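Q: Here the protein sequences line up with chains A and B, keeping their order.
So in full-length UniProt numbering, spot 5 of the first sequence is number 5, and the numbers just go up one at a time.
So in full-length UniProt numbering, spot 77 of the second sequence is number 77, and the numbers just go up one at a time.
Structure provided below as structure tokens; questions to follow.
Number of protein chains: 2
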Amino acid sequence: MSHPINLAEKLAQISTHWDPHVIADYNGNEVMVVKFQGEFPFHLHEETDDFFLVLKGEMVMDIEDRSHPVRAGEIFVVPKGVTHRPRSEHECEVLLIEPKGEPNTGDAATAASKPRI
Amino acid sequence: MSHPINLAEKLAQISTHWDPHVIADYNGNEVMVVKFQGEFPFHLHEETDDFFLVLKGEMVMDIEDRSHPVRAGEIFVVPKGVTHRPRSEHECEVLLIEPKGEPNTGDAATAASKPRI
């Protein structure tokens, strides 16, 4: 049964970084919340765009030869095939959308498990 | 070129209600912002889920035999084929995601035009 999903309540259950947790499904995509702090590896997704919405704090998206600050209330969509690196000096909270089963690193061997909360 | 998209700046350009504006693309979906006030018609989308994230204010999602308040910071995903009606006594601001070309009413004859901003 459908019901409202409170992002802050879900984020309060997460104490780790770079560890997306699935909170909803949309047409074969997983809607996730995650906390970022530090640097993620540069990576790319061959077959999918990568959707980020910063909910709290600020991250930086390194992409090609530029660094984009992405602040709370801002979206950044990384097109498929584009190498990128999210990073954040201080902890920030992010909503992610990726197709179900897509590795967060673009590589199943190094990907997080994406538990459902 | 990818760049951060500020939701409040986009919403400041919208003065109408029930009039989604496209702000980004994700894998063949349109990411939109919209202002709701009053009642939308009951409708359904035969082939797609319908993604709502309330950014500011509060809406109610009438779905089947229940009414769900959905507040700022909350997501509601209406599964495909399920009849629903968003409504809001006071103006509220919402992020929507639907496949490109999907009519917002579920019916091309009555749909809004979804301009890009």
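Beta carbons: idealized from backbone N, C-alpha and C, even for Gly.
Everything numeric in this text was worked out from a predicted model, so none of it was measured.
Hey, how far is the Cα of K100 of chain A from the Cα of A111 of chain A?
A: About 13 Å.
Q: Leaving aside the five residues before and after K114 of chain A along the sequence, list all residues of the same chain whose C-beta is less than 6 Å from its C-beta, in chain order.
A: Contacts found: P20, V22.
Q: Should residue 123 of chain A and F51 of chain A be called a contact, given that it needs their Cβ atoms to be closer than 8 Å?
A: Limits of chain A in this structure are 1 at one end and 117 at the other, which puts residue 123 of chain A out of reach.
Q: Going along chain B, which residues have a C-beta under 7 Å from N6 of chain A?
A: Result: G73, E74.
Q: Give me, in chain order, the residues of the same chain whose beta-carbon lies closer than 6 Å to that of I75 of chain B; leave out the 5 immediate sequence neighbours on both sides.
A: Cβ neighbours of I75 of chain B beyond the five flanking positions: L53.
Q: With 16 as the cutoff for other CB atoms within 10 Å, does E89 of chain A come out buried or exposed?
A: So E89 of chain A counts as exposed.
Q: Is A72 of chain B near G73 of chain A, with beta carbons less than 8 Å apart?
A: The answer is no: Cβ separation not under 8 Å.
Q: Closest Cβ-Cβ distance between P79 of chain B and chain A: below 8 Å?
A: Yes, P79 of chain B counts as interfacial toward chain A.
Q: Taking only the alpha-carbon atoms, compute the straight-line gap between G38 of chain A and R87 of chain A and give it to the nearest angstrom.
A: One C-alpha to the other measures close to 6 Å.
Q: For E93 of chain A, write down the residues that DSSP places opposite it in a beta bridge.
A: In the DSSP output, where bridge partners are listed per residue, E93 of chain A has A:K35, A:K56.
Q: Taking the alpha helix (DSSP H) that A8 of chain B falls in, what are its first and last residues?
A: It spans 7-11 - the alpha helix (DSSP H) in which A8 of chain B sits, taken as one unbroken run.
Q: For V22 of chain A, go through chain B and note every residue whose CB falls closer than 7 Å to its CB, in chain order.
A: Here the premise fails: no neighbours, minimum Cβ distance about 12 Å.
Q: At what residues does the beta strand (DSSP E) containing H21 of chain B begin and finish?
A: Here the beta strand (DSSP E) through H21 of chain B covers 21-26.
Q: Go through its chain and collect everything with a Cβ distance to K80 of chain A's Cβ below 7 Å, but skip five positions before and after it.
A: Correct list, in chain order: H45, E46, E47, T48, D49.
Q: Counting only Cβ pairs nearer than 7 Å, list the residues of chain A close to F51 of chain B.
A: Residues of chain A passing the Cβ test: Y26.
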